[in-house]
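Heads up: the structure comes next, in structure tokens.
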Amino acid sequence: MSASLEEARAAKAVLAERLRGHPAVNGVGIAAEGEGHLVRINVSEPVEDLPVEQDGVPVRTRVVGPIVKR
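Under the numbering used here, residue 149 is the last one in the sequence shown; the count climbs by one each step, no gaps.
Written out as structure tokens, the structure is:
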């Protein structure tokens with residue numbers, strides 16, 4: 080399953096709003112995958128209940144750890 084950049088942007092907007100305030104979510108972005116795009120969710124710790132797709136666009140979660148000010 081691959082998505083165009085426009086589809087990924089739309090899915091990202093929906094997810095960013097939906098996940099706003101989630102304590103483990105550090106950020107929501109777009110990444111290239113093969114010939115298409117996906118939405119990437121960066122989290123501070125593993126989270127079980129995040130979506131694997133949004134409006135037909137693949138969603139991948141990556142544990143990046145906590146974000147700390149330096």
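A virtual CB, placed ideally from N, CA and C, is assigned to each residue, including glycine.
Excluding the five sequence neighbours on either side, which residues of its own chain have a C-beta within less than 7 Å of the C-beta of residue i, listed in chain order?
| i | result |
| --- | --- |
| residue 144 | 123 |
| residue 142 | 122, 124, 125 |
Would DSSP call residue i helix, strand or coil?
| i | result |
| --- | --- |
| residue 86 | helix |
| residue 94 | helix |
| residue 129 | coil |
| residue 147 | coil |
Could you name the residues of the same chain whose beta carbon sits closer than 6 Å to that of residue i, not counting the 5 residues immediately before and after it, in chain order?
| i | result |
| --- | --- |
| residue 108 | 119 |
| residue 146 | 105 |
Using beta-carbon positions only, say whether residue i and residue j come within less than 8 Å of one another.
| i | j | result |
| --- | --- | --- |
| residue 113 | residue 83 | no |
| residue 87 | residue 117 | yes |
| residue 90 | residue 128 | no |
Which residues in the same chain have their Cβ closer than 8 Å to the Cβ of residue i, if we skip the five residues on either side of it in sequence?
| i | result |
| --- | --- |
| residue 130 | 94, 138 |
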